[in-house]
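K.L.:
I have a structure I would like to understand better, so I am pasting it below and will then ask my questions one at a time.
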Amino acid sequence: MPKSQVDVAIVGAGPVGLTAANLLGALGISCTLFERQRTTSFHPRGHVVNARVMEILRTLGLEAAVNAASLPVERHAGIGFVVSLAGEEIGHIRTRGDQGPDERETAISPVLKRSCPQDRLEPILRSGAERYSSVELNFETEVTAIAQNPDSVEISWQQGDTKGVTTAKYLIGADGPRSFTREAAGIEMTGGSMGQQIGVYFHADLWRYVEDRPYLLWWIYNSVTTGVLISLDGRERWTYNFPYPEGEDRAHYTADRCREIIHAVIGAPDIPVEIKSIMPWRMQARVASRLKAGRIFIAGDAAHPLPPTGGQGMNTGIADVHNLVWKLSLVLRGIAPESLLESYDGERLPVATFNVEQSARNARKMADSGLSGILALDPEVSSVIDKHEGAEVRRRLAAAIPAQRAHFDYPGQTFGYAYSSAVVAPDGSPEVPLEVDAYTPTGRPGHRAPHVWFRQNGQRRSSIDLFSYDSFTLMCADASSPWIATFLAACERLGLNGNVIASGHDDLVAEDQKWTELYGIGPEGAVLVRPDGHVSWRSASAGDAAEVAAAMVHSIGDVGKMGL
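Residue numbers (the working numbering): 86 to 649.
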């Protein structure tokens, strides 16, 4: 049965809610999660796990499990545009397997973007959360009412025939696009629908058609169906998503009808196809007016349901809670004032808004090029594209494919966004432009601290591994830096955990001594990194050591301690 009192309650056990439970558990914060479904998702739905989220999962000790459950890297090498799997290939985009792009990807991060379907990812996240004694997971438990008080949130729930109330100091709503939490908090949304789709999860051995083409996605264009086929394991597990007309009854898409459509996707009517599940869904491009209402926070699709064109959905949501949970921890421990929590909305809402808009741009750009697929295709195109007289149409579509790369390959969107809020100290340096398809590493305040390699006790360790979610980290050129003693003393007085990355400190040695140039500091400079891996302060050169103590106070929003 759910606990009667906890620090944080979570509504929703999708990837976002379960990640929040893992993060809270790792920090030892008591939390209870409510999920009305009996278990985790049975339909693959989302699948893209971008490299930044893989970094987050790496810090939680879950990277290996996710890698093992993901589409093999060698089968995650591109995007195909075809009439059918057995038919003509119109064109393709390679995203891996070429020396230049591969080297750029591995230079950015110690991890790789993966495709781990939601029905495989969620059990991993659930098992991860179950490691922590402070975390309680309640499936088959429906939240029936939410009421805020000045110092708590009351969550009414029903589990079978049993009803109860749990009181939490804070509530995270990660309960999807029709969020009960968002409605209870009175948070409004803007935006709307971009069409309705059917998602079919099926099993079929399609190796003969894909062996030599290791594509993650297959965009299908023929006179029977247009849509996107997603490879889940590279051979037998697939989903196919396609639009259907407004006003048509979704019940018309029976298993038999969907099997006929899948045969048109394959281009061979004799392939055995086992339909596992059929899920109607609506493509939305909406964003909340705010992410916080009193003691209630919303994240993921509850805050910003976005089109799948770009794979940003659950990645944006997981980044939401990664930004939020460390702040909740400091407030709950009495280290930071509640005003620190205001920065959640200020930092995450612009990122979420950009991702919604970029995903919608991707969809519209495809449609405007005649490559729509997941939106309704122009009937004049679909009626001829798989026929002899459609050769000119296929040539036109082929010419439009290279311009779609940013839809599928977007390191700048993954790593290049920056937070700007009251707890990030600007250093006067010029902004680094955000380019969706290109990432420029920078240590400018607000940005994710770039990945660099170190050696420690004979082992190779990324800076991403050396950051800690329960600590602030000071990065300096070497262990003799005068910033370090002041930083550690300030951490002790504030009750914060302090972590140092510097050559010579704790047997650390930088593989490339020029890493400081990447961070924009000289030999006597320093960078302060928050628990979520974003830079909060930077001094490019030597300065008054007391500046770092002031930066610590600034980073937790407690101006009352500025004289520390």
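Glycine included, every Cβ here is placed at the ideal spot set by N, Cα and C.
Scan the segment 89-161 and note each continuous beta strand (DSSP E) run of 3 residues or more that stays entirely inside, going in chain order.
P.N.:
Qualifying beta strand (DSSP E) stretches, in chain order: 90-96, 116-119.
K.L.:
Which full runs of the beta strand (DSSP E) of 3+ residues lie inside the segment 208-282, going along the chain?
P.N.:
The qualifying runs are 220-223, 227-234, 237-244, 247-258.
K.L.:
Could you tell me if residue 647 is buried or exposed, where buried requires 16 or more neighbouring beta carbons within 10 angstroms of its beta carbon?
P.N.:
What you label residue 647 is simply residue 562 of the sequence shown in a count that begins at 1. With a pLDDT of only 46 at residue 647, under 50, the local geometry of the prediction cannot be trusted, and the value read off the model is given with reservation. Flag for residue 647 reads exposed.
K.L.:
Taking C-beta to C-beta, are residue 556 and residue 584 nearer than 8 Å?
P.N.:
Translated into the one-based positions of the sequence shown, residue 556 becomes position 471. Translated into the one-based positions of the sequence shown, residue 584 becomes position 499. Yes; because the gap between Cβ atoms is below 8 Å, this pair is in contact.
K.L.:
Among 141, 103, 260, whose alpha-carbon lies nearest the alpha-carbon of residue 553?
P.N.:
Counting from one through the sequence shown, the residue named residue 553 turns up at place 468. Per the Cα distances, 141.
K.L.:
Mind listing, in chain order, the continuous alpha helix (DSSP H) runs of no fewer than 4 residues lying wholly within the segment 277-343?
P.N.:
With a minimum length of 4 residues, the continuous alpha helix (DSSP H) runs that stay inside the segment 277-343 are 292-295.
K.L.:
Suppose the cutoff is 7 Å on Cβ atoms and the five residues either side in sequence are ignored; what does the same chain contact list for residue 275 look like?
P.N.:
Along the sequence shown, one-based indexing puts residue 275 at 190. These residues qualify, in order along the chain: 371, 372, 374.
K.L.:
Across which residues does DSSP place residue 166 in a beta bridge pair?
P.N.:
As a position in the sequence shown, residue 166 is number 81, starting the count at 1. Residue 166 is bridged to 176, 304.
K.L.:
Express the C-alpha separation of residue 495 and residue 179 in angstroms, rounding to a whole number.
P.N.:
Taking the first residue of the sequence shown as position 1, residue 179 is located at position 94. Taking the first residue of the sequence shown as position 1, residue 495 is located at position 410. Each residue's alpha carbon lies about 13 Å from the other.
K.L.:
Identify whether residue 381 lies in helix, strand or coil by the three-state DSSP scheme.
P.N.:
Taking the first residue of the sequence shown as 1, we reach residue 381 at position 296. Correct three-state label for residue 381: strand.
K.L.:
Return the Cβ separation of residue 164 and residue 300 in integer angstroms, given the expectation that the two are a contact with Cβ distance under 8 Å.
P.N.:
Your numbering for residue 164 matches position 79 in the sequence shown. Your numbering for residue 300 matches position 215 in the sequence shown. About 6 Å; that satisfies the 8 Å criterion.
K.L.:
Mind checking whether residue 532 and residue 547 have CB atoms under 8 Å apart?
P.N.:
Your numbering for residue 532 matches position 447 in the sequence shown. Your numbering for residue 547 matches position 462 in the sequence shown. Result no, Cβ atoms of residue 532 and residue 547 do not sit closer than 8 Å.
K.L.:
Which runs of the alpha helix (DSSP H), 4 residues or longer, sit entirely within the segment 561-599?
P.N.:
DSSP runs (the alpha helix (DSSP H)) wholly in the segment 561-599: 568-579.
K.L.:
Less than 6 Å between C-beta atoms, sequence neighbours within five positions excluded: which residues of the same chain meet that for residue 407?
P.N.:
By 1-based counting over the sequence shown, the position of residue 407 is 322. Same-chain partners within the cutoff: 141, 617.
K.L.:
My output table needs one value for residue 612: the three-state DSSP class, helix, strand or coil.
P.N.:
Here residue 612 refers to the residue found at position 527 of the sequence shown. In this structure, residue 612 counts as strand in the three-state DSSP scheme.
K.L.:
What three-state label does DSSP hand residue 477 in the structure shown?
P.N.:
Taking the first residue of the sequence shown as 1, we reach residue 477 at position 392. Reduced to three states, the DSSP call for residue 477 is helix.
K.L.:
Taking all protein chains shown into account, decide if residue 359 is buried (16 or more other Cβ within 10 angstroms of its Cβ) or exposed.
P.N.:
What you label residue 359 is simply residue 274 of the sequence shown in a count that begins at 1. Looking at its Cβ environment, which holds fewer than 16 other Cβ atoms inside 10 Å, residue 359 is exposed.
K.L.:
Measure the C-alpha to C-alpha separation of residue 176 and residue 261 and round it to an integer number of angstroms.
P.N.:
Locating residue 176 in the sequence shown gives position 91, where the first residue counts as 1. Locating residue 261 in the sequence shown gives position 176, where the first residue counts as 1. Between residue 176 and residue 261, the C-alpha separation is close to 35 Å.
K.L.:
Pairs of beta-carbons, one from the segment 149-167 and one from the segment 302-310, closer than 8 Å: are there three or more?
P.N.:
Enough Cβ pairs lie closer than 8 Å, so yes.
K.L.:
Are the CB atoms of residue 204 and residue 265 within a distance shorter than 8 Å?
P.N.:
Taking the first residue of the sequence shown as position 1, residue 265 is located at position 180. Taking the first residue of the sequence shown as position 1, residue 204 is located at position 119. It is not a contact, given that the beta carbons lie outside the stated cut-off.
K.L.:
At which residues does the alpha helix (DSSP H) containing residue 450 begin and terminate?
P.N.:
Residue numbering aside, residue 450 sits at position 365 when the sequence shown is read from its first letter. Unbroken alpha helix (DSSP H) run through residue 450: 427-453.
K.L.:
Is residue 394 helix, strand or coil when you go by DSSP?
P.N.:
The sequence position of residue 394 within the sequence shown is 309, counting from 1. Coil.
K.L.:
Can you tell me whether residue 464 is helix, strand or coil according to DSSP?
P.N.:
Within the sequence shown, residue 464 is the residue found at index 379, counting from 1. DSSP places residue 464 in helix when its eight states are reduced to three.
K.L.:
Is the beta carbon of residue 238 sitting closer than 8 Å to the one on residue 353?
P.N.:
Within the sequence shown, numbered from 1, the residue matching residue 238 stands at position 153. Within the sequence shown, numbered from 1, the residue matching residue 353 stands at position 268. Against a cut-off of 8 Å, the Cβ pair of residue 353 and residue 238 comes out as no contact.
K.L.:
DSSP puts residue 620 in a beta bridge; with which residues?
P.N.:
The residue labelled residue 620 in the question sits at position 535 within the sequence shown. Beta-bridge pairing links residue 620 to 614.
K.L.:
Here's the rule: buried if 16 or more other CB atoms are within 10 angstroms of the residue's CB, otherwise exposed. What is residue 97?
P.N.:
In the sequence shown, residue 97 corresponds to position 12, counting from 1. It counts as buried.
K.L.:
Could you give the distance in angstroms between the alpha-carbon of residue 392 and the alpha-carbon of residue 501?
P.N.:
For the purposes of this step, residue 392 is taken as residue 307 along the sequence shown, with counting starting at 1. For the purposes of this step, residue 501 is taken as residue 416 along the sequence shown, with counting starting at 1. About 20 Å.
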